[in-house]
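> Numbering (this note's numbering), first residue to last: 50 to 454. Ideal Cβ placement from N, Cα and C applies to all residues, glycine included.
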Ligand SMILES: *Cc1c(COP(=O)(O)O)cnc(C)c1O
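(1) Less than 7 Å between C-beta atoms, sequence neighbours within five positions excluded: which residues of the same chain meet that for residue 52?
(2) Using the three-state DSSP reduction, which class does residue 104 fall into: helix, strand or coil?
(3) For the structure I just gave you, are there three or more beta carbon pairs, one from the stretch 269-276 and one from the stretch 290-308, closer than 8 Å?
(4) Under 6 Å Cβ to Cβ from residue 282, same chain only, skipping five residues before and after it: list those, please.
(5) Where do the ends of the alpha helix (DSSP H) carrying residue 256 lie?
(6) Any heavy atom of ligand 1 closer than 6 Å to the beta-carbon of residue 271?
(7) Ordered along the chain, which non-local residues of its own chain (more than five positions away) have a Cβ less than 7 Å from that of residue 419?
(8) What do you reckon, are the CB atoms on residue 237 and residue 259 nearer than 7 Å?
(9) Relative to the C-alpha of residue 349, which candidate in 162, 382, 398, 114 has its C-alpha closest?
(10) Can you check which of these residues, 97, 81, 69, is closest to residue 399 by C-alpha distance?
(11) Taking residue 199 as the reference, which of 175, 390, 186, 214 has the closest Cα?
(12) Please check the pair residue 423 and residue 392, which I expect to be a contact at CB under 8 Å, by giving their CB distance rounded to whole angstroms.
(13) Closer than 6 Å to a non-hydrogen atom of ligand 1 - does that hold for the CB of residue 241?
(14) Residue 184 to residue 336, Cα distance in whole Å?
(15) Please state the DSSP three-state secondary structure of residue 232.
(16) Taking the alpha-carbon positions, what's the residue 85 to residue 438 distance?
(17) Starting from residue 381, trace the alpha helix (DSSP H) both ways and give me its first and last residue.
(18) Just checking my contact of residue 266 with residue 309 at CB under 8 Å: how many whole Å lie between their CB atoms?
(19) Taking the straight line between their C-alpha atoms, what separation do you get for residue 254 and residue 347?
(20) Given that a residue counts as buried once 16 or more other Cβ atoms are within 10 Å of its Cβ, and exposed if not, what is residue 142?
(21) Name the two residues that bound the continuous alpha helix (DSSP H) containing residue 172.
(22) What number of angstroms, rounded off, separates the C-alpha of residue 138 from the C-alpha of residue 329?
(23) Is the closest heavy atom of ligand 1 to the C-beta of residue 172 under 6 Å?
(24) Any idea if residue 331 is buried or exposed, counting beta-carbon neighbours within 10 angstroms, 16 or more meaning buried?
(25) Rounded C-beta distance between residue 326 and residue 157? I'm assuming under 8 Å.
(26) Could you check if residue 252 is buried or exposed, using at least 16 other CB atoms within 10 Å of its CB as the buried criterion?
(27) Relative to the C-alpha of residue 431, which residue among 216, 388, 133, 358 is closest?
(28) Quick check: residue 313 and residue 178, are their CB atoms within less than 7 Å of each other?
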């Protein structure tokens, strides 16, 4: 242990940890890439309470407006009283509660899969499942725009990772063809709807392609579960190819308004991951109360399709309003993720700050979350929005956006 006086001498030295990190932080600051936390202290639908006048939320992934639904809170509160706050152990030791198993059953039934396995977060599902499925004799074909958690899962796997241009099925097929017989297993990793672009991967064409080349499909459906498809079952349902996707990852922290994630698939897949996914085996089970809230959310997702209809109508209003103001956005006309690519990080941050000053929180997304030179405002629609809030946002956007390049 250092004495207090030694410690202050240490921090002044250029080779100290603080000195080295401060230098890097200053570099981030100069590049317009330094990030800072913001604390909120309440949410009611799309209204966020902060330390100012409050904000209208167009930044989060609460697509169905469930994050502050009292029915979820009531379900969690009841479970807290009986099950306690903490699970106190990993699922395989003493942390497995019947609420976890009920939720897994309900998720599998909802999605039409044989079985499901919960993870404490989507990040952990991806870094747990991918390395369990493929290893050093195998190959991964990974879309260049895949989420950081997928990228990290691929890296951890020690498989050969072939990064492919976004949604480019021809290049994918050529790679699979060229590398036929070179690997033990081949896994294609894509997102159903891309989190920063809002576009859909052409899953309908991917499924037969993967089958032709004996490759498996790993689908990250974080932004589509509860939202896409007539019953909200995700992009597999949207494209009508649910049975052709080998592994589906979905999250409970976005449209479902709770926390955590799950993998869906065959009984064999789930039993295997239960044994081999390190991010499942070696972590404390998430609180049973979270599972109780997620069960309530799933019930609402199934019983209240009008939320999906409202979300789509709101997304359409937002997109058509932007188009009318000279900012057409690509992708589905009722897609709930609306990216306005500005380019420079500083200009994006300025636009975000101007919107915030006017009472609207939108995502100001910079590299490395998106490729260099494609910083953007990421506006998300929610069933919790009303038409007036969307129109008000559109009005201030006109003033906040830099003129079109
Ligand atoms: C949010 C997200 C994740 C991570 O899910 P968490 O539950 O937030 O950890 C994984 N993949 C994609 C595409 C995401 O957008």
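By the coordinates alone:
(1) Position 3 of the chain shown holds residue 52. With a pLDDT of only 45 at residue 52, under the threshold of 50, the placement of this residue in the model should not be trusted; the figure read from the coordinates follows. Closer than 7 Å at the Cβ level, and outside the excluded window around residue 52, lies no residue.
(2) Position 55 of the chain shown, counting from 1, holds the residue named residue 104. Correct three-state label for residue 104: strand.
(3) Yes, the stretch 269-276 is in contact with the stretch 290-308.
(4) Counted from its first residue, the chain shown places residue 282 at position 233. Excluding positions up to five away in sequence, the list reads 160.
(5) Taking the chain shown and counting its residues from 1, one reaches residue 256 at position 207. Membership of residue 256 in the alpha helix (DSSP H) is indicated by the continuous run 252-261.
(6) By one-based count along the chain shown, residue 271 stands at place 222. Yes, since a heavy atom of ligand 1 falls inside the 6 Å radius drawn around the Cβ of residue 271.
(7) The residue you call residue 419 lines up with position 370 of the chain shown. So the list reads 245, 425, once near-sequence residues are dropped.
(8) Along the chain shown, one-based indexing puts residue 237 at 188. Along the chain shown, one-based indexing puts residue 259 at 210. For the pair residue 237 and residue 259, the CB atoms are nearer than the 7 Å cut-off.
(9) Here residue 349 corresponds to residue number 300 of the chain shown, with the count starting at 1. Ranking 162, 382, 398, 114 by Cα distance to residue 349 puts 114 first.
(10) As a working note, residue 399 is residue 350 in the chain shown. Per the C-alpha coordinates, the member of 97, 81, 69 positioned closest to residue 399 is 81.
(11) Here residue 199 corresponds to residue number 150 of the chain shown, with the count starting at 1. Closest option to residue 199, Cα to Cα, is 175.
(12) Counting from one through the chain shown, the residue named residue 423 turns up at place 374. Counting from one through the chain shown, the residue named residue 392 turns up at place 343. Contact between residue 423 and residue 392 holds: their C-beta atoms lie close to 7 Å from each other, under 8 Å.
(13) The sequence position of residue 241 within the chain shown is 192, counting from 1. Result no, Cβ not under 6 Å from ligand 1.
(14) Sequence index remark: in the chain shown, residue 184 carries index 135 (1-based). Sequence index remark: in the chain shown, residue 336 carries index 287 (1-based). Answer to the nearest angstrom: the Cα atoms are 31 Å apart.
(15) The residue you call residue 232 lines up with position 183 of the chain shown. In the structure shown, the three-state DSSP call for residue 232 is coil.
(16) Counting from 1 along the chain shown, the entry for residue 85 is found at position 36. Counting from 1 along the chain shown, the entry for residue 438 is found at position 389. Those two C-alpha atoms are separated by around 26 Å.
(17) Within the chain shown, residue 381 is the residue found at index 332, counting from 1. From DSSP, residue 381 is part of no alpha helix (DSSP H); its letter is neither H nor E.
(18) Within the chain shown, the letter at position 217 stands for residue 266. Within the chain shown, the letter at position 260 stands for residue 309. Separation of the CB atoms of residue 266 and residue 309 is rounded to 23 Å, and the pair is thereby denied contact status at 8 Å.
(19) As a working mapping, residue 254 is identified with position 205 in the chain shown. As a working mapping, residue 347 is identified with position 298 in the chain shown. Residue 254 and residue 347: Cα-Cα distance of roughly 29 Å.
(20) Position 93 of the chain shown, counted from the first residue, corresponds to residue 142. That one is exposed.
(21) Sequence index remark: in the chain shown, residue 172 carries index 123 (1-based). Its alpha helix (DSSP H) spans residues 171-182.
(22) On the chain shown, residue 138 is found 89 positions in, with the first residue counted as 1. On the chain shown, residue 329 is found 280 positions in, with the first residue counted as 1. When only Cα atoms are considered, residue 138 and residue 329 end up about 12 Å apart.
(23) As a first step, residue 172 is located in the chain shown; it is residue number 123 there, counting from the start. Answer for residue 172: yes, Cβ within range of ligand 1.
(24) As a working note, residue 331 is residue 282 in the chain shown. In summary, residue 331 is exposed, with fewer than 16 beta-carbon neighbours lying within 10 Å of its beta-carbon over all protein chains present.
(25) Walking along the chain shown from the start, residue 326 turns up at place 277. Walking along the chain shown from the start, residue 157 turns up at place 108. About 17 Å separates the CB atoms of residue 326 and residue 157; that is not less than 8 Å, and the two are not in contact.
(26) For the purposes of this step, residue 252 is taken as the residue at position 203 of the chain shown. Classification for residue 252: buried.
(27) Within the chain shown, numbered from 1, the residue matching residue 431 stands at position 382. Nearest of 216, 388, 133, 358 to residue 431, Cα basis: 358.
(28) Position 264 of the chain shown, counting from 1, holds the residue named residue 313. Position 129 of the chain shown, counting from 1, holds the residue named residue 178. Contact flag unset, no.
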